[in-house]
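Below is one structure, written out as structure tokens; comments come after it.
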Amino acid sequence: MIRTKILNFLLFFVSCVFFSYLFYVQCFRHHYYEKRAKQQHERKFILLGSRGNIYDRNGLPIATSEQCYSVFCTPRYAVDMQKLTSGLSSISSKSRGHIRQMIDKGEFFWVEMKVDKEQLDRYLAIDDPSIGYTHDLNRRYNMPDIFASMIGRCGSDNRGIEGLEVQFDDILSGEAGFAVYQKDPAGGVFPYHNYPEKEPQPGCDLYLTVDLQLQAILHEKLKECMEKEDAQLAAGLIIEPRTGNILAMVNVGREHDSRNHIICDEFEPGSTFKLMPLTFALMNGARDTDRIDTEAGKIKVRGHMINDYRDYGVVTLKQAVAHSSNVAMVKLSREFDRERFLLLVRDFGFGEITGIEFPGEVRGRLPEARKLNDVDFATLAFGQGLTVNMLQLAMAYQTIANGGVLYKPTLVAAVMSKQTKVHKSRPLRIRRAIDESLAHRVTDILCAVVDEGSGTAAAFNGVKIAGKTGTAQKVINGSYSRTSVVATFVGYFPADDPDYLIMLMVDEPKSGYWASTIVAPVFKEVAQSVYQMNSYRYAAK
Amino acid sequence: MFRKIDPSIVWTTGLLSLLGIMMIFSTAGYSIMTRQIIWLIFSLGVALLFSRVSPRIWLNLSPAIYAIAVLLTLAILLKGDIYPRRWIRIGDVSIQPSEFAKFATVLMLAYYLAGKKRLSNFSDMVVPTLIAGLPALLVFVEPDLGAAQIFLPILIVMSYWAGMPGWKILILFSPIISAIASFSIYAWVAYMVILMIFLYFRRQLTDLVYGFVSNTLTGLIMPLVWNSLKIYQQKRILSFFSPWLDPRGMSWQIIQSKIAIGSGGIFGKGFLSGTQKKLEFLPERHTDFIFSCLGEEFGLFGIIIVLTLYVYLVYRLLTLAKETRNRFSSILVCGFMTWIAYQTFINIGVTMGLLPVTGVPLPFISYGGSALLSCFMAIGICLSISRVKMSY
Numbered sequence: 006m007i008r009t010k011i012l013n014f015l016l017f018f019v020s021c022v023f024f025s026y027l028f029y030v031q032c033f034r035h036h037y038y039e040k041r042a043k044q045q046h047e048r049k050f051i052l053l054g055s056r057g058n059i060y061d062r063n064g065l066p067i068a069t070s071e072q073c074y075s076v077f078c079t080p081r082y083a084v085d086m087q088k089l090t091s092g093l094s095s096i097s098s099k100s101r102g103h104i105r106q107m108i109d110k111g112e113f114f115w116v117e118m119k120v121d122k123e124q125l126d127r128y129l130a131i132d133d134p135s136i137g138y139t140h141d142l143n144r145r146y147n148m149p150d151i152f153a154s155m156i157g158r159c160g161s162d163n164r165g166i167e168g169l170e171v172q173f174d175d176i177l178s179g180e181a182g183f184a185v186y187q188k189d190p191a192g193g194v195f196p197y198h199n200y201p202e203k204e205p206q207p208g209c210d211l212y213l214t215v216d217l218q219l220q221a222i223l224h225e226k227l228k229e230c231m232e233k234e235d236a237q238l239a240a241g242l243i244i245e246p247r248t249g250n251i252l253a254m255v256n257v258g259r260e261h262d263s264r265n266h267i268i269c270d271e272f273e274p275g276s277t278f279k280l281m282p283l284t285f286a287l288m289n290g291a292r293d294t295d296r297i298d299t300e301a302g303k304i305k306v307r308g309h310m311i312n313d314y315r316d317y318g319v320v321t322l323k324q325a326v327a328h329s330s331n332v333a334m335v336k337l338s339r340e341f342d343r344e345r346f347l348l349l350v351r352d353f354g355f356g357e358i359t360g361i362e363f364p365g366e367v368r369g370r371l372p373e374a375r376k377l378n379d380v381d382f383a384t385l386a387f388g389q390g391l392t393v394n395m396l397q398l399a400m401a402y403q404t405i406a407n408g409g410v411l412y413k414p415t416l417v418a419a420v421m422s423k424q425t426k427v428h429k430s431r432p433l434r435i436r437r438a439i440d441e442s443l444a445h446r447v448t449d450i451l452c453a454v455v456d457e458g459s460g461t462a463a464a465f466n467g468v469k470i471a472g473k474t475g476t477a478q479k480v481i482n483g484s485y486s487r488t489s490v491v492a493t494f495v496g497y498f499p500a501d502d503p504d505y506l507i508m509l510m511v512d513e514p515k516s517g518y519w520a521s522t523i524v525a526p527v528f529k530e531v532a533q534s535v536y537q538m539n540s541y542r543y544a545a546k
Numbered sequence: 033m034f035r036k037i038d039p040s041i042v043w044t045t046g047l048l049s050l051l052g053i054m055m056i057f058s059t060a061g062y063s064i065m066t067r068q069i070i071w072l073i074f075s076l077g078v079a080l081l082f083s084r085v086s087p088r089i090w091l092n093l094s095p096a097i098y099a100i101a102v103l104l105t106l107a108i109l110l111k112g113d114i115y116p117r118r119w120i121r122i123g124d125v126s127i128q129p130s131e132f133a134k135f136a137t138v139l140m141l142a143y144y145l146a147g148k149k150r151l152s153n154f155s156d157m158v159v160p161t162l163i164a165g166l167p168a169l170l171v172f173v174e175p176d177l178g179a180a181q182i183f184l185p186i187l188i189v190m191s192y193w194a195g196m197p198g199w200k201i202l203i204l205f206s207p208i209i210s211a212i213a214s215f216s217i218y219a220w221v222a223y224m225v226i227l228m229i230f231l232y233f234r235r236q237l238t239d240l241v242y243g244f245v246s247n248t249l250t251g252l253i254m255p256l257v258w259n260s261l262k263i264y265q266q267k268r269i270l271s272f273f274s275p276w277l278d279p280r281g282m283s284w285q286i287i288q289s290k291i292a293i294g295s296g297g298i299f300g301k302g303f304l305s306g307t308q309k310k311l312e313f314l315p316e317r318h319t320d321f322i323f324s325c326l327g328e329e330f331g332l333f334g335i336i337i338v339l340t341l342y343v344y345l346v347y348r349l350l351t352l353a354k355e356t357r358n359r360f361s362s363i364l365v366c367g368f369m370t371w372i373a374y375q376t377f378i379n380i381g382v383t384m385g386l387l388p389v390t391g392v393p394l395p396f397i398s399y400g401g402s403a404l405l406s407c408f409m410a411i412g413i414c415l416s417i418s419r420v421k422m423s424y
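Order-wise, the sequence lines are chains C and S. Residues in the first sequence are numbered consecutively from 6, following the numbering used here. Residues in the second sequence are numbered consecutively from 33, following the numbering used here.
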């Protein structure tokens, strides 16, 4: 029967085609279809771990994270366009026209990001299915203008982009988790017990060495100074000399300037650098009573004239430093072994980053001994021809203040996870730069600066203060400017066993030229406030 | 008496129905499954009854059954108010007359073809074409293209089985190929050249004249008719044949169905665990696309079993048609076989994405009382024929 054979063949042929195609789809292409299936019915949600808080040394909050909400709108699901438009525009800060435009476009858009519960409820009160919200985290800063340059800030994705926020981003942000949900074609999403999940881990909290009170005082005084002087910048540091802990760090710049100039900018130190030739001279046998002729305030080095503020006549070494005589320093430095001098300078931390936990620290530039000619070396003695960042300079004075040991400056006292203390930072000793008795001799001489020299404006209440003024001419168009200066003052007290080292700097003050009249009084105000804050402690002594 | 019936027909259809109940539970839940179980029990009863009745009575009843089925189909066209007009509601039960029209048409065709001792000319095909064409047209107007198309293969295979020469049938229905080819002038010219060479060597004047005239006419008229349609009408027809033109509508179904089958793999995701099905990505889960759920939950393994059952059932029916000595019975069994085989072929071909989307239920497995009942009526008759196949 040919008909039966033909029909049987058809049956056989069709089933062969089906079997082989099914084999192809279910075996060879299985992974592809499995992937497509997963793609369309699984949805992964990233769960943010809450960002750790930042506290000052006493546990007062500086930066905190709080739950907030981001509101979005999907006009496709809207019930009443008119109500939606008027509702949104009455709550949102955006203009009615803008909102109407977005709604007319018909596509998903964010109405407002990072709003609080109250504002969210207002949006939800519109009661339209097109409005939805997601959970988000908001970073809240206490006294942002005081801390801006130090703490930095976060981007909208809750990752740090400036300052300590970026430096400690890994520690603060914790670990993001995720959840996989099942999704149906209409976009409905529901949890499914068999899918992998990961709980987000909250970030650790950061406890700074910074004292909020000191920071506030320093900021207030610098701001006053800034307004009075109409300067480019007023910056200040308070350090605990015994440990290298930074107690306050303030930059008051022009508008919208959140840069941390203390760490990220370099400048020529000027007279404050006289600390180095002074120390080196004392190391090599000079005495504070040694007499130096300042040659009527003028000295010529290889045809290059170096001047003093005025003619001091024949002075002791102590007086020379107190009045900050350039001529005396040049004469002292003539005897120096240049290699060894620069080694000592390095031992004090110049020419190397301090290693503070802050992004973007500059190293500063220290000349090499063999490349220096006589003029270069002579000017180096009073702080020209090298650059430092302000923190390096402060740390050099810290070395003297605590008896000759250089510490690593630090901003972080402890890192705490939510449950346990993970890490408490301890003072990190870098090296002993000079021996203790020499450090005390230097301090003695620096006390004379405030007692009788250029720093008398810094004295108060008979507290024994060691300090040094610095007025560095700025290099403008390749030569030293006569009018633009960087005025600095660095000092520590009580000089016998210092608790506080304060360094201040005013960039391009307008009212004057000399640090002794511009910065020293500000130092006095800051130091007096700090001193009075702790007066009970000093009274007990 | 039971010893003589073909047991393989009983257990293949029985297994397929049980599998159908399982899959309906998996895809549509308990209450739908209960309905189907009631329908299945009723259908099995009817099949049992039919299997014990002598097949001869159907010869005399055929015209009456055919008339009732056609009238029923016509009635919902005139009275039906729910579009598409496919169902009659009687109390709590919906009945789909097109399913019974298939059954009745097979009976009627067998009745007519059995009476014709010789089939050789085109003129012999006029009445069978009208018999199949009338219900097909009514069902097409409902509209239900999926059900309407079934009548064509039934007509072709039954008349072929009854003795109509195969070449004659090919030439007779060749204008359909011409109509499809006419969308591309190159394809149409190539088709016409091959057809003419073929007809020339056939050396039969009537074939040559009919073949040339009908194919040329359809080839020329189709483009004219096509161009007179509105764009949206053209699109609707095109998307019928090519789902990829309508990615959100029909091709969505195909894509989801293929993902379901493919992601099932060799052993499947397990009974009740199909994600495509559960999350409602699959359309028509318990009716037209139930085979995809089967592929997803039981994998290639399960599909091979099901396909083997179908192939074996069809093979047994074909063998029965061959062995049955009574001409009416033989043609009748062949008609039922074509019906079941063709619906299975279309349904599985659609779910695998090999054929354009047309809604056809999978015999014995898909949810639907009318389809199940009419299939089991056919099976009942086949069983009674198997019992007496040696008698004329």
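The beta-carbon is built from N, C-alpha and C at its ideal position, and this holds for glycine as well.
### Task
Check residue 422(C) in the structure and name its three-state DSSP category.
coil
### Query
Is residue 33(S) close to chain C, meaning its C-beta is less than 7 Å from at least one C-beta of that chain?
Only weak support exists for where residue 33(S) lies, its pLDDT of 43 falling under 50; the value from the coordinates is given anyway. Not one chain C Cβ lies under 7 Å of residue 33(S).
### Runs of beta strand (DSSP E) wholly within the segment 291 to 319 of chain C (minimum 3 residues, chain order)
296 to 298, 303 to 306, 309 to 312
### Query
What residues match up with residue 75(C) in a beta bridge as DSSP calls it?
139(C)
#### Entry: 8 Å Cβ shell around residue 346(C) - same chain, five flanking residues per side excluded
281, 282, 285, 338, 374
### Message
How far does the alpha helix (DSSP H) with residue 476(C) in it extend, from its first residue to its last?
### Response
No alpha helix (DSSP H) contains residue 476(C), which is instead part of the beta strand (DSSP E) from 471 to 481.
### Message
Going residue by residue through the segment 317 to 371 of chain C, where are the continuous beta strand (DSSP E) segments of at least 3 residues, counting only ones entirely within it?
### Response
319 to 321
### Query
Going along the segment 343 to 365 of chain S in order, which residues come within less than 9 Å of chain C, judged by CB to CB distance?
343, 346, 347, 350, 351, 353, 354
#### Entry: residue 286(S) classed as buried or exposed, judged by whether at least 16 other C-beta atoms fall within 10 angstroms
buried
### Beta-carbon spacing of residue 143(C), residue 209(C) below 7 Å
no
### Chain-ordered chain C contacts of residue 105(S) [CB-CB under 7 Å]
Residues of chain C passing the Cβ test: none, with the nearest at roughly 29 Å.
### Task
Assuming residue 544(C) and residue 500(C) form a contact by the criterion Cβ under 8 Å, report the distance between their Cβ atoms to the nearest whole angstrom.
Their Cβ separation, rounded to whole angstroms, is 18 Å, which puts residue 544(C) and residue 500(C) out of contact at 8 Å.
### Task
Tell me where the beta strand (DSSP E) around residue 23(C) begins and ends.
Run containing residue 23(C): none in the beta strand (DSSP E); it sits in the alpha helix (DSSP H), 7 to 28.
### Message
Please list the terminal residues of the continuous beta strand (DSSP E) segment that includes residue 188(C).
### Response
182 to 188
### Query
Which residue or residues does DSSP assign as beta-bridge partners of residue 522(C)?
The partner list for residue 522(C) (beta bridge, DSSP) is empty, contrary to what the question assumes.
### Message
Run through chain C and tell me which residues come within less than 8 Å of residue 448(S), C-beta to C-beta.
### Response
With chain S covering only 33 through 424, there is no way to say anything about residue 448(S).
### Task
Return helix, strand or coil for residue 484(C), following the three-state DSSP convention.
strand
### Query
Residues in the segment 315 to 341 of chain S with C-beta within 8 Å of chain C's C-beta atoms, listed in sequence order?
327, 331, 332, 335, 336, 339
#### Entry: CB contact check: residue 367(S) to chain C, cutoff 7 Å
no
#### Entry: Option nearest residue 77(S) by Cα separation, candidates 390(S), 412(S), 309(S)
412(S)
### Query
What residues in the segment 184 to 212 of chain S bring their beta carbon closer than 9 Å to a beta carbon of chain C?
189, 192, 193, 195, 198
### Query
Alpha carbon to alpha carbon, how far is residue 39(S) from residue 420(S)?
14 Å
### Query
DSSP state of residue 390(S), grouped into three classes?
coil
### Query
According to a CB-to-CB cut-off of less than 8 Å, which residues of the segment 289 to 306 of chain S neighbour chain C?
290, 291, 292, 293, 294, 295, 296, 297, 298
### Query
Is residue 34(S) helix, strand or coil when you go by DSSP?
Summary for residue 34(S): the model assigns pLDDT 46, below 50, so the residue's position carries little reliability, and this model does not support an answer.
### Query
What residues from the segment 372 to 401 of chain S come within 8 Å of chain C, judged by C-beta to C-beta, listed N to C?
373, 377, 380, 381, 384, 386
### Simplified DSSP state of residue 536(C), which is helix, strand or coil
helix
### Query
So is residue 38(C) in contact with chain S if we call contact Cβ pairs under 7 Å?
yes
### Query
residue 53(C): which of 448(C), 246(C), 303(C), 139(C) sits nearest, CA to CA?
139(C)
### Query
Taking C-beta to C-beta, are residue 297(C) and residue 325(C) nearer than 7 Å?
yes
### Message
Using the Cβ count rule (16 or more neighbours within 10 Å means buried), how would you classify residue 70(S)?
### Response
exposed
### Task
Count the other CB atoms, across all protein chains shown, that sit within 10 Å of the CB of residue 319(C); report buried if there are 16 or more and exposed otherwise.
exposed
#### Entry: C-alpha distance - residue 17(C) paired with residue 111(S), whole-angstrom precision
44 Å
### Query
chain S partners of residue 263(C), CB-CB under 9 Å?
Under the 9 Å cutoff, chain S gives no residues; its nearest Cβ is about 50 Å from residue 263(C).
### Query
Counting along the chain, where does the alpha helix (DSSP H) carrying residue 259(S) start and finish?
237 to 260
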